[in-house]
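Same order as they appear, the protein sequences are chains F and U. Just add 144 to wherever you are in the first sequence, counting from 1, and you've got the numbering used here. Just add 6 to wherever you are in the second sequence, counting from 1, and you've got the numbering used here. Where a beta carbon is used, it is the ideal one built from N, C-alpha and C, also for glycine. Here's the structure we're looking at; comments come further down.
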Amino acid sequence: MLKKVSFPHMGDYYHAFKSVAELIGQPLVAPPITKKTVELGFKHSPESVCIPFKYNLGNYIEALEAGADVLVQAGGGCRFGHYAETQEEILRKLGYKFEFAKLTNDYGIIGIARDFKKINPGVSYFKIFRALALCMVKIACIDSVAGRARKNVGFQKTPGHIEEIYKNFLAKIDASRSILKIISLREKTLNEIKTVELKKSSDCLKVGVVGELYMLMEPFANFYLEKKLAQRGIEVHRFVTVSTILKEYFTGDFFLQKHLSHAKPYLKHHLGAHGTESVARSLSLIKKGFDGIIHIKPFGCMPEVSAMSALANLSKDSKTPILYFSFDSQTSEAGIETRIEAFCDMLYMKKAKKLNLKA
Amino acid sequence: MSQNKTKLRVGIPRALLYHKYSKLWEIFFKVLGLEVIISPQTNKEIMARGINCSVDESCLSMKIFLGHVDWLKDKVDCVFVPNYVCLRSGEELCVKFMALVDITRNTFPQVKVIEYTVDAINQKTATAGLIVLGAKLTRNPLKAARAYLAARKSYEANQLQMISDQEKRFQENKKSGRLAIMVVSHPYTIYDNFLGKPIVDYLKELNVEVIYSDRVDKEKARRLAQNLAKTLYWSYHKELLGAVEIYRNSVDGIIFISTFPCGPDSLAINLCQSRIGNVPNILITLDELDSGVGLKTRLESFVDIIKLKKYQTLNQGILC
């Protein structure tokens with residue numbers, strides 16, 4: 145019998161991760177994140193660990209309850225690289241029986257392929273590389289479609305139109321196994337979004353969201369922040385996606401150095417994880433004339449807290465507002481909503497003043 | 007021209023890595039012929055200053071560091087801030103150490119920061135970093151090299167002395183039958199006048215022998231840390247968990263001290279606690295609102311429980 149493989153949720157990426165999970169066994173998508181998932185995660189996690197750990201743990205528990213045999217966790221900088229060992233220990237203490245597969249901390253296509261070979265020696269390298277390529281193409285396509293949808297979703301004439309196109313796209317991509325088909329599907333969907341009727345003026349408000357990657361990419365965790373902004377008629381830009389992260393890892397130091405040079409004079413050294421990028425992106429967005437920046441992170445996120453002192457100076461020097469959100473177990477949706485509302489009102493007022501001055 | 011006027015005044019904040027490398031830095035700058043000003047022991051005022059000028063969510067140790075820089079900023083020409091990125095390949099440090107220079111620069115734009123970088127991946131060693139820094143400050147590379155060698159010699163001698171002292175005291179204590187409790191914590195927490203010192207003092211008051219987690223053979227600790235946490239990659243936590251592994255069977259209890267909200271601690275200490283089995287242990291998280299009274303109660307009851315347990319087993323031994 146095939147083993148059932150599960151992995152934590154992050155946004156819509158499970159459509160792509162599934163094709164890699166097939167290398168180990170039969171993919172089992174963890175139940176979607178709900179309040180219950182979050183509660184389970186919080187209950188069994190160490191108190192002061194960051195939020196993504198807790199969400200992941202909740203996903204694992206629900207997946208195990210649904211019958212998963214193998215759990216997969218990735219790795220990375222800051223605390224993320226050490227999630228796996230602590231999570232495995234907690235789940236074992238809870239009495240679950242499972243295999244735990246941890247991927248390498250230093251991403252690289254060969255390293256990841258080797259990891260999969262180690263986890264499942266029966267699968268050939270050809271199959272591994274094909275699955276990885278398929279997964280990456282899917283990720284890239286999801287990101288480009290989601291990026292275009294994000295910019296336009298707040299301005300459609302018939303609400304829900306773009307969401308529907310996006311949903312159909314995800315359903316099709318899920319079933320698709322050919323790279324060429326996926327790419328043509330992407331082109332088709334992008335064109336479809338282009339044809340959606342919009343009532344967008346050229347000087348609409350533009351806001352960039354920067355910060356910690358999990359909080360940015362998991363809409364449940366950030367209380368659908370992007371949606372809330374779009375509803376208020378704001379064009380939302382986000383640059384942290386799985387494809388940019390992979391691109392940065394595969395090209396070694398190149399992008400890191402680029403970010404660092406963009407973050408001058410506020411930074412001289414790297415801040416670790418995405419801290420440098422948060423500062424560099426904010427600076428370049430402000431230079432491009434964005435109206436505001438929203439910086440989000442889980443409570444106690446080490447690299448992003450380091451970035452905040454630089455961001456504060458940046459905001460002061462450029463007179464561009466930056467809104468900081470920090471998410472923990474006590475964060476309430478109403479609080480976020482109020483702050484977003486106030487922030488948007490302020491941006492609108494600022495913009496109106498600017499236009500008046502010009503006129 | 008008088009000597010005093012030309013002497014550069016270098017400020018060293020008494021926080022974070024100072025508690026680890028104090029001997030190295032102090033002697034290095036003194037031999038270079040600079041005037042070294044070290045901020046005083048952490049007190050209420052420094053803590054308040056630090057809290058005022060730092061981001062709310064940064065960890066307590068970072069707030070205290072900024073408090074020390076704030077104290078120094080008007081009294082010196084430049085502040086010395088080390089930039090520790092990576093001690094050996096395959097390992098990392100908490101990201102606050104690599105962000106330290108930038109946080110200081112951004113929080114105090116008027117302060118001149120002098121720094122040296124340690125980054126094993128990019129082949130930047132402490133030796134090269136300090137000698138280059140010294141050469142820049144004095145325009146005399148030879149003098150810088152000499153100062154570094156002298157500083158390093160006394161730093162290493164001091165480290166060995168501390169390790170052997172602790173071992174000696176531990177062995178003596180074994181004979182006397184007093185309780186021995188290990189305190190597992192970063193040097194910048196346990197040696198801080200405001201954070202760790204009250205705890206150590208109180209434990210001594212309770213007639214307990216305190217074993218420090220940083221006074222062990224570092225290489226041995228690094229190797230042994232594997233037994234407790236296989237994928238751990240924070241260099242300083244490897245040393246801490248290795249120390250736990252060295253002493254765990256010979257001490258009566260372990261006290262973990264962490265500052266709120268320490269990132270690596272939240273994972274590593276939780277893992278360690280769940281793996282050291284039946285050794286009595288307690289985690290104390292310090293934050294800026296601590297009253298001290300609650301702390302004493304917790305420590306007292308912890309020590310009482312261990313005492314009870316120890317004497318019960320001793321009595322049973324006699325009865326058998």
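Helix, strand or coil at Ile275(U) [DSSP, three-state]: Reduced to three states, the DSSP call for Ile275(U) is helix.
Mind listing the chain U neighbours of Glu356(F)? Cutoff is C-beta to C-beta under 8 Å, in chain order. Below the 8 Å Cβ cutoff, chain U contributes no neighbours of Glu356(F), its closest Cβ being approximately 12 Å away.
Would you call the region 243 to 262 of chain U and the region 185 to 193 of chain U in contact, with 3 or more CB pairs under 8 Å? Judged by Cβ distances under 8 Å, the region 243 to 262 of chain U makes contact with the region 185 to 193 of chain U, as three or more pairs qualify.
If I measure Cβ to Cβ from Phe399(F) and keep anything under 8 Å in the same chain, skipping five residues before and after, which residues do I get? Counting only Cβ-Cβ distances below 8 Å, and skipping sequence neighbours, we find Lys391, Glu392.
Anticipated Cβ contact below 8 Å, Lys226(U) with Gly248(U), distance rounded: Confirmed, Cβ separation roughly 7 Å.
Proximal residues, the region 217 to 240 of chain U versus chain F, C-beta separation under 7 Å: Within the region 217 to 240 of chain U, the residues whose Cβ lies closer than 7 Å to some Cβ of chain F are Ala235, Lys236, Thr237, Leu238, Tyr239, listed in chain order.
Is Pro267(U) close to chain F, meaning its C-beta is less than 7 Å from at least one C-beta of that chain? Cβ-Cβ to chain F under 7 Å: yes for Pro267(U).
Nearest by alpha-carbon distance to Lys26(U): which of Tyr161(U), Glu98(U), Leu93(U), Pro270(U) is it? With distances taken between Cα atoms, Lys26(U) lies closest to Tyr161(U).
Evaluate Val300(F) with the Cβ neighbour count: other Cβ atoms within 10 Å of its Cβ, from every protein chain shown; 16 or more gives buried, anything less gives exposed. One point to set straight first is that residue 300(F) is Gln, not Val, in the sequence displayed. So Gln300(F) ends up on the buried side.
Leu99(U): which of Glu245(U), Gln322(U), Ile312(U) sits nearest, CA to CA? Looking from the CA of Leu99(U), the closest CA among Glu245(U), Gln322(U), Ile312(U) belongs to Glu245(U).
Output the distance between the C-alpha atoms of His439(F) and Ala151(U), rounded to the nearest integer angstrom. Looking at the two C-alpha atoms, the distance is approximately 45 Å.
Leu390(F), enclosing alpha helix (DSSP H) - first and last residue: Run containing Leu390(F): 386 to 394, per the alpha helix (DSSP H) assignment.
Report, in whole angstroms, the separation of the C-beta atoms of Lys236(U) and Glu229(F), which I expect to be a contact under 8 Å. That belief holds up - the Cβ atoms of Lys236(U) and Glu229(F) are roughly 6 Å apart, short of 8 Å.
Beta-carbon gap between Gly185(F) and Leu172(F) smaller than 7 Å: No; because the gap between Cβ atoms is not below 7 Å, this pair is not in contact.
Asp108(U) CB to nearest chain F CB: under 7 Å? So, interface residue.
DSSP state of Pro175(F) mapped onto helix, strand, coil: Here Pro175(F) sits in coil by DSSP.
So with Cβ pairs under 7 Å, would you call Pro465(F) a contact of chain U? Residue-level contact check: Pro465(F) does not touch chain U, since none of the beta carbons of chain U fall below 7 Å from its beta carbon.
Going along the chain, which residues of its own chain have a beta-carbon closer than 8 Å to the beta-carbon of Ser192(F), five neighbours each way excluded? The residues are Gly444.
What did DSSP end up calling Gly248(U) once you bin it into helix, strand or coil? Annotated three-state conformation of Gly248(U) is helix, per DSSP.
Return the residues of the region 443 to 473 of chain F that lie within a Cβ-Cβ distance of less than 7 Å from chain U, sorted by chain order. Here the close residues are Phe443, Gly444, Met446, Pro447, Val449, Ser450, Met452, Ser453, Ala454, Asn457, Ser470.
How many angstroms separate the CA atom of Asn112(U) from the CA atom of Ala454(F)? Each residue's Cα considered, the two are about 6 Å apart.
Bounding residues of the alpha helix (DSSP H) (the contiguous stretch that carries Thr113(U)): Counting along the chain, the alpha helix (DSSP H) containing Thr113(U) begins and ends at 101 to 113.
State the beta-bridge partners of Trp240(U) as determined by DSSP. Per the DSSP secondary-structure output, Trp240(U) pairs in a beta bridge with Glu98(U).
Assuming Ile33(U) contacts Met53(U) under a Cβ cut-off of 8 Å, what Cβ separation, rounded to an integer in Å, is found between them? Contact flag wrong, Cβ pair sits at about 28 Å.
Run down chain F in chain order and give the residues with a C-beta less than 7 Å from the C-beta of Glu63(U). Those are Phe443, Gly444, Val449, Ser470, listed as they occur along chain F.
Between the alpha carbons of Thr265(U) and Ile437(F), how many angstroms are there, rounded? Approximately 31 Å between the Cα atoms of the pair.
Got a sec? Which residues, its chain only, sit under 6 Å from Val117(U) by beta carbon, not counting five neighbours each side? Scanning its chain for C-beta atoms nearer than 6 Å, with the 5 sequence neighbours on each side dropped, one finds around Val117(U) the residues Lys79, Val85, in chain order.
Going by beta carbon distance, what residues of the same chain come within less than 8 Å of Ile256(F), once the five residues before and after it are set aside? Cβ neighbours of Ile256(F) beyond the five flanking positions: Leu247, Thr248, Leu276.
Exposed or buried, which one is Ile261(U) when buried takes at least 16 other CB atoms within 10 Å? When all chains shown are included, Ile261(U) counts as buried.
Determine, using beta carbons only, whether Glu229(F) comes closer than 7 Å to chain U. The C-beta of Glu229(F) comes closer than 7 Å to at least one C-beta of chain U.
Exposure of Thr303(U), with buried meaning 16 or more beta-carbon neighbours within 10 Å: When all chains shown are included, Thr303(U) counts as exposed.
Contacts of Gly419(F) in chain U (Cβ-Cβ under 8 Å): Per Cβ cutoff of 8 Å: Val101, Ala105.
Reduced DSSP secondary structure (H/G/I, E/B, other) of Thr265(U): If DSSP states are grouped into helix, strand and coil, Thr265(U) belongs with the strands.
Going straight from the alpha carbon of Asp461(F) to that of Ser268(F), what length do you get? C-alpha of Asp461(F) to C-alpha of Ser268(F): approximately 55 Å in a straight line.
Measuring straight from C-alpha to C-alpha, what distance separates Glu485(F) and Lys495(F)? Taking C-alpha positions only, Glu485(F) is separated from Lys495(F) by approximately 15 Å.
Where the region 175 to 195 of chain U meets chain F: residues whose CB sits under 7 Å from a CB there: The residues in question: there are none.
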